[in-house]
Amino acid sequence: MDESNRTARAHTKLVRLLGQKNETHLLLINTESSLRDERLHESSAEPVTLTKAEIQLKVHYLDGPLLRETTSGSPIANFGGTIEPVWNSKTNGWCQRVRLSNGFVIIERPELRGLGLGTYLFAQIVLWAKRVAPQAWVQAIVLSSVQARDTESRNRRNKFYEKFGFEFDYRSVDGIKDAEGSSQSINISDMKVPDKIETIEVLPLINFLRENFEQMRKERSRFHSEVQRYERVVADHVALCRENNLLISLGRWLYRIRRPE
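Final position of the sequence shown in our numbering is 869; the numbers increase by one with none missing.
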């Protein structure tokens with residue numbers, strides 16, 4: 609198996625996420641992707657070249673009300689996906705398989721769940737897979753009953769995947785309907801991508817950096833002015849102390865030379 613033409617890309621997005629109480633959360637989404645062409649050999653045919661690729665989206669909390677409990681830059685999500693060639697015994701040939709999860713389809717902070725962030729991240733992976741391997745088939749999504757401990761959790765999880773076009777063979781567990789199951793076969797080209805998510809806005813990163821640089825410059829100028837003011841206060845205080853010490857010393861000298869014998 610020969611590998612060639614490996615390329616890697618990375619970019620960062622600044623996202624404003626609107627909370628349930630209209631509070632604003634600023635997030636940084638770092639996306640890293642890579643792909644390479646693999647030349648694959650078949651015993652009875654000419655070699656074929658297929659793409660192997662991977663993507664990872666790491667989300668960090670930048671600014672917002674959660675800074676009262678966490679620090680700026682704290683990780684809050686890590687989504688990923690892969691595309692790889694696999695041998696299809698039914699067609700007796702090579703094809704491409706897409707995995708739309710790296711096992712971490714979850715938002716770490718409970719306060720940020722249910723706001724559309726997970727949908728946005730998963731949609732980025734689906735769009736990426738559609739561009740890179742439009743004929744690939746999607747590896748089945750397996751749902752666990754652990755993710756359906758109550759009706760609300762089950763409904764939120766099931767609706768999350770169904771809006772992307774997945775259809776499931778559901779099973780009931782401990783009296784909870786549709787608690788677990790596996791997705792039916794689907795091609796990546798047949799998957800849906802939700803329309804614009806109203807709670808999410810991608811902001812121009814360069815404008816944000818420019819505004820923060822200007823704010824830092826103003827803060828630095830203000831800090832410098834404060835330092836100069838404190839230096840003047842300290843200098844005046846030192847001068848006053850020296851003057852007082854001089855007066856005290858002069859008074860003591862006058863007292864000594866003028867005191868009666």
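Even for Gly, the Cβ is constructed at its ideal location relative to N, Cα and C. As the structure is a prediction and not an experimental result, all values here were calculated from the model.
Using a Cβ-Cβ cutoff of less than 8 Å, which residues in the same chain neighbour N613 once the five nearest sequence positions on both sides are dropped? Counting only Cβ-Cβ distances below 8 Å, and skipping sequence neighbours, we find R644 and D645.
In whole angstroms, what is the alpha-carbon distance linking F768 and T727? 7 Å
Give every residue of the same chain whose Cβ lies closer than 6 Å to the Cβ of E631, excluding the five residues on either side of it in the sequence, and list them in chain order. Closer than 6 Å at Cβ, skipping near neighbours: P673.
Exposed or buried, what is E654 when buried is set at 16 or more other beta-carbons lying within 10 Å of its beta-carbon? exposed
What distance in whole Å lies between the Cβ atoms of L708 and A737, which are believed to be in contact at a cut-off of 8 Å? 7 Å
May I have the straight-line CA-CA distance separating S761 from R647, to the nearest angstrom? 44 Å
Closest to A731 by CA distance: which of G627, K771, V750 and L626 is it? K771
Which class does R721 belong to by DSSP, given the choice of helix, strand or coil? coil
Would DSSP call D610 helix, strand or coil? Confidence in D610 is poor, its pLDDT being 46 and thus under 50, which makes the residue's placement unreliable; the coordinate value appears in the next sentence. Three-state DSSP puts D610 in a strand.
Under the three-state reduction of DSSP, which class applies to R617: helix, strand or coil? In the three-state scheme derived from DSSP, where H, G and I count as helix and E and B as strand, R617 is classed as strand.
Collapsed DSSP secondary structure at D758 in the structure displayed: coil
Go through its chain and collect everything with a Cβ distance to W702's Cβ below 8 Å, but skip five positions before and after it. L648, E650, V656, L658, P693, V694, W695 and N696
Would you give the residue range spanned by the beta strand (DSSP E) that I637 belongs to? T632 to E650
Spatial neighbours of T639 within its chain, please: C-beta separation below 6 Å, excluding the five flanking residues on both sides. For T639, where only same-chain residues beyond five positions count, the Cβ hits under 6 Å are H619 and L665.
Go through its chain and collect everything with a Cβ distance to G681's Cβ below 6 Å, but skip five positions before and after it. H668
6 Å Cβ shell around L729 - same chain, five flanking residues per side excluded: These residues qualify, in order along the chain: L665 and F687.
Pull the bridge partners of A731 from the DSSP assignment, please. None; A731 has no bridge partner.
Under the three-state reduction of DSSP, which class applies to D629: helix, strand or coil? Asp is not the amino acid found at residue 629; the sequence shown has Lys there. Correct three-state label for K629: coil.
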